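Going from the sequence shown to the working numbering is simple: count from 1 and add 1.
Remarks on the structure that follows.
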Amino acid sequence: MKARSLHEPPRPSGSRDPGPFRMLDYDLELQHHNLALRRACAIRASDQVLDIGCGTGQTTREAAQLATAGSVLGIDRSNEMIERAKQLSDEAGLHNVEYVCADAERYEPPRERFDVAISRFGTMFFADPVAAFSNLRSALRADGRLVMMVWQQRDRNEWATSIERALMPDGAGTTGSIAVPPAFSFGDPDAARRILDATGFATATFDEVHAPVFYGRDVEAAFDFVSGFSTVNEKLARLDANERARAVERLRDLLAEHRRADGVWFDSRAWIVSTRRK
Ligand SMILES: C[S@@+](CC[C@H](N)C(=O)[O-])C[C@H]1O[C@@H](n2cnc3c(N)ncnc32)[C@H](O)[C@@H]1O
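Okay, structure coming up:
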């Protein structure tokens with residue numbers, strides 16, 4: 002996987018990590034979101050499920066546990082994510098899961114095979130969303146469902162705006178000039194509906210999930226987690242040594258402000274986008 006952006010998941014990074022298992026931190030980060038998505042996906046025992054941008058596969062495994070008479074195919078362009086997903090599925094004793102390492106913009110899954118395509122924050126990073134969603138649509142059976150979780154717009158996500166603000170160069174003022182990162186590319190329902198409409202999906206519903214993200218049990222753990230975001234590193238790398246030290250201090254202060262008895266949490270807003278193949 003490419004370097005992580007806010008908010009691609011934490012990625013393995015050599016000596017600091019025992020393996021790609023900061024992804025387990027990512028599962029913890031999204032604990033509230035995951036419950037909401039699981040309810041919305043409403044996987045049935047007989048379902049054939051496609052999980053797009055499955056990462057290390059928490060949603061893939063959960064779908065497989067529900068689709069007891071069906072099966073699940075997880076796809077992700079990151080080989081290291083797929084390898085870990087396979088390992089975790091094996092450890093869970095699942096026999097109805099397969100994984101493919103592929104780019105959803107180019108990979109054409111088996112046509113008209115799937116009852117439902119799901120994704121937890123795996124569909125916002127497409128450079129060519131029309132190609133990717135056309136492939137997904139072809140993979141769905143007539144009337145097959147698409148249920149995906151995406152971030153709402155950046156300014157509705159405290160985790161993004163406040164961390165970026167902490168890392169701005171001294172005196173840079175507001176965050177208004179920051180280009181919209183791909184993580185928020187599905188945040189505007191009108192723009193998202195245009196893509197879905199162009200690729201053969203019915204008018205989508207957008208249900209809000211307003212829930213906090215978890216960054217760690219204390220400030221140190223949260224600092225370690227957030228330090229794994231590539232955008233944090235990129236922003237810090239652009240600062241001179243003095244500015245960088247102040248930015249790190251601001252970041253630590255911010256994390257401390259967000260410390261609650263049960264850990265460090267930031268507000269967030271996501272959409273669950275639900276539609277069907279036309
Ligand atoms: C934010 S992560 C979410 C991972 C997983 N769905 C989860 O919730 O743990 C986004 C994932 O999408 C994958 N991804 C991004 N663009 C992709 C593409 N064009 N084709 C396949 N996977 C893609 C990334 O490799 C990454 O694993």
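All C-beta atoms in this analysis are idealised placements derived from N, C-alpha and C, irrespective of residue type, glycine included.
This structure is a prediction, so every number in the text was calculated from the model and none was measured.
- Spatial neighbours of H211 in its own chain (CB-CB distance under 6 Å, excluding positions within 5 residues in sequence) are listed in chain order as R270.
- Taking C-beta atoms under 8 Å as the contact rule, A133 and E106 qualify, at a distance of about 5 Å.
- Per the Cβ contact rule, the region 86–94 is not in contact with the region 149–157 (fewer than 3 Cβ pairs under 8 Å).
- At least 8 Å separates the beta-carbon of S72 from that of V101.
- For C42, the enclosing alpha helix (DSSP H) stretches over residues Q32 to C42.
- Distances from the CB of A161 to the heavy atoms of ligand 1 are all 7 Å or more.
- Only residues of its own chain outside the window of five on either side were considered, and among them G201, F202 and A203 have a CB closer than 7 Å to the CB of K279, listed in chain order.
- Taking the CA atoms as reference points, G75 sits about 16 Å from M125.
- For H259, same chain residues with a beta-carbon under 7 Å away, outside a window of 5 residues either side, are V265, W266 and F267 in chain order.
- In this chain, L74 is not harboured by any alpha helix (DSSP H); it is covered by the beta strand (DSSP E) spanning S72 to D77.
- Per DSSP, reduced to three states, the secondary structure at D52 is strand.
- The beta carbon of D144 sits no closer than 7 Å to any heavy atom of ligand 1.
- Contact check for I196 and L38: beta-carbon distance about 20 Å, past the 8 Å limit, so the pair fails to qualify.
- In this structure, A167 lies near A248, with their beta-carbon atoms less than 8 Å apart.
- By alpha-carbon distance to D26, the top candidate from T57, L137 and V233 is T57.
- For P190, the CB contacts under 6 Å within the same chain, skipping 5 residues up- and downstream, are F207 in chain order.
- If you check the CB distance, G123 and Q154 do not come in under 8 Å.
- Non-local beta-carbon contacts of D156 in its own chain, meaning distances under 8 Å to residues more than five positions away in sequence, involve T162 in chain order.
- Relative to T276, the option among A205, G229 and R245 whose CA is nearest is A205.
- When secondary structure is reduced to three states using DSSP, Y100 falls in the strand class.
- L51 is classed as buried because its beta carbon has at least 16 other beta carbons within 10 Å across all chains shown.
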